[in-house]
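Protein chains in written order, with the working numbering: chain G, 1 to 110; chain A, 111 to 230.
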């Protein structure tokens with residue numbers, strides 16, 4: 001059975017801190033890993049990672065994949081209150097369904 | 111404005127009363143999908159559709175039906191809702207590029223605003 005595990009489940013940080021969110025996976029025929037941000041309602045796409053060791057970056061957010069150790073991290077530097085959200089990790093196993101982790105709830109306090 | 115719309119946004123119903131949640135997209139996307147989101151379980155895929163008249167089961171299809179008669183619409187049907195189907199439902203769509211469709215599909219997946227369903 002395909003499995004995606006995110007940690008921590010939730011965390012609270014102060015504005016300006018740097019956070020690292022973790023996503024590990026066990027899937028057959030791994031193709032890609034995706035990160036989404038969910039504020040209030042619908043998830044919005046952040047990154048898609050297919051190759052090991054290549055960092056994807058967007059502003060203060062960055063992510064990297066390790067296909068040997070089967071995990072990915074999402075880094076957020078200089079956090080702001082607007083970064084408060086649930087961060088979802090998902091994996092594409094082969095040509096099958098998209099499998100999500102349970103998410104990490106991040107709260108950035110002023 | 112490019113968007114995915116869902117109706118209704120909130121619904122409270124009783125066990126056994128058939129209901130349909132509609133999903134419509136105006137981006138001419140081939141791929142559409144339904145998810146449910148539950149506390150502690152995350153997002154789980156119910157059904158997806160690669161194109162008109164092409165649908166397939168996701169991880170949790172039991173108790174649900176879908177149809178894809180037109181490209182823009184992908185309704186989710188609960189023939190006999192039960193309390194364990196109380197959840198937050200999301201519809202999503204994406205174009206299906208040629209070649210390696212899986213990655214491209216999920217890369218640009220657009221989510222609808224969600225439907226909060228309560229079955230009493």
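Just so it is clear, CB atoms sit at the ideal spot from N, CA and C, and this is done for glycine as well.
Would you mind stating whether residue i and residue j have Cβ atoms separated by less than 8 Å?
i                     : j                     : result
residue 178 (chain A) : residue 164 (chain A) : yes
residue 90 (chain G)  : residue 98 (chain G)  : yes
residue 37 (chain G)  : residue 223 (chain A) : no
residue 184 (chain A) : residue 147 (chain A) : no
residue 71 (chain G)  : residue 10 (chain G)  : no
residue 130 (chain A) : residue 191 (chain A) : no
residue 158 (chain A) : residue 173 (chain A) : no
residue 230 (chain A) : residue 197 (chain A) : no
residue 151 (chain A) : residue 225 (chain A) : no
residue 176 (chain A) : residue 186 (chain A) : yes
residue 43 (chain G)  : residue 81 (chain G)  : no
residue 34 (chain G)  : residue 45 (chain G)  : yes
What does DSSP give as the partner residues of residue i in its beta bridges?
i                     : result
residue 115 (chain A) : A:134
residue 104 (chain G) : G:87
residue 221 (chain A) : A:202
residue 120 (chain A) : A:226
residue 44 (chain G)  : G:37
residue 26 (chain G)  : G:3
residue 99 (chain G)  : G:91
residue 56 (chain G)  : G:63
residue 74 (chain G)  : G:21, G:63
If you draw a straight line from the alpha carbon of residue i to that of residue j, how long is it in whole angstroms?
i                     : j                     : result
residue 92 (chain G)  : residue 21 (chain G)  : 19 Å
residue 78 (chain G)  : residue 193 (chain A) : 43 Å
residue 153 (chain A) : residue 220 (chain A) : 15 Å
residue 145 (chain A) : residue 18 (chain G)  : 31 Å
residue 4 (chain G)   : residue 127 (chain A) : 35 Å
residue 161 (chain A) : residue 140 (chain A) : 5 Å
residue 54 (chain G)  : residue 203 (chain A) : 27 Å
residue 47 (chain G)  : residue 188 (chain A) : 33 Å
residue 58 (chain G)  : residue 117 (chain A) : 33 Å
residue 2 (chain G)   : residue 135 (chain A) : 30 Å
residue 14 (chain G)  : residue 166 (chain A) : 44 Å
residue 7 (chain G)   : residue 104 (chain G) : 6 Å
residue 114 (chain G) : residue 62 (chain G)  : In this structure chain G extends from 1 to 110, so residue 114 (chain G) is not present and cannot be described.
residue 108 (chain G) : residue 60 (chain G)  : 14 Å
residue 73 (chain G)  : residue 149 (chain A) : 22 Å
residue 16 (chain G)  : residue 56 (chain G)  : 21 Å
residue 209 (chain A) : residue 115 (chain A) : With a pLDDT of only 49 at residue 209 (chain A), under 50, the local geometry of the prediction cannot be trusted, and no value is derived from it.
residue 138 (chain A) : residue 111 (chain A) : 13 Å
residue 28 (chain G)  : residue 64 (chain G)  : 20 Å
residue 83 (chain G)  : residue 66 (chain G)  : 24 Å
residue 156 (chain A) : residue 39 (chain G)  : 22 Å
residue 50 (chain G)  : residue 26 (chain G)  : 15 Å
residue 123 (chain A) : residue 133 (chain A) : 19 Å
residue 102 (chain G) : residue 87 (chain G)  : 9 Å
residue 142 (chain A) : residue 113 (chain A) : 13 Å
residue 69 (chain G)  : residue 76 (chain G)  : 21 Å
Taking a cut of 7 Å between CB atoms, which residues from the region 20 to 48 of chain G lie near chain A?
-> For chain A, the residues of the region 20 to 48 of chain G that bring a beta carbon within less than 7 Å of one of its beta carbons are 31, 32, 34, 41, 42, 43, 45, 48, in chain order.
Of the residues that make up the region 148 to 181 of chain A, which ones have a beta carbon closer than 8 Å to any beta carbon in chain G?
-> Taking 8 Å as the Cβ-Cβ cut-off against chain G, the residues of the region 148 to 181 of chain A that qualify are 150, 151, 152, 153, 154, 155, 158, 168, 169.
Could you name the residues of the region 112 to 140 of chain A whose beta carbon sits closer than 9 Å to any beta carbon of chain G, in the order they occur along the chain?
-> For the region 112 to 140 of chain A, the beta-carbon criterion of a distance under 9 Å to any beta-carbon of chain G is satisfied by 114.
For the region 96 to 108 of chain G, which residues have a CB atom closer than 9 Å to at least one CB atom of chain A, in sequence order?
-> Residues 96, 97, 98, 99, 100, 101, 102, 103.
Beta strand (DSSP E) runs wholly inside the region 131 to 199 of chain A, at least 3 long, in chain order | With a minimum length of 3 residues, the continuous beta strand (DSSP E) runs that stay inside the region 131 to 199 of chain A are 141 to 148, 152 to 161, 164 to 167, 186 to 188.
Compile a chain-ordered list of the residues in the region 193 to 205 of chain A whose CB is closer than 7 Å to at least one CB of chain G.
-> Under the 7 Å Cβ criterion, the region 193 to 205 of chain A contributes 200.
Contact set between the region 218 to 229 of chain A and chain G, restricted to residues whose Cβ is under 8 Å from the partner = Residues are counted here when their Cβ sits less than 8 Å from a Cβ of chain G; for the region 218 to 229 of chain A these are 218, 219, 221, 222, 223, 224, given in chain order.
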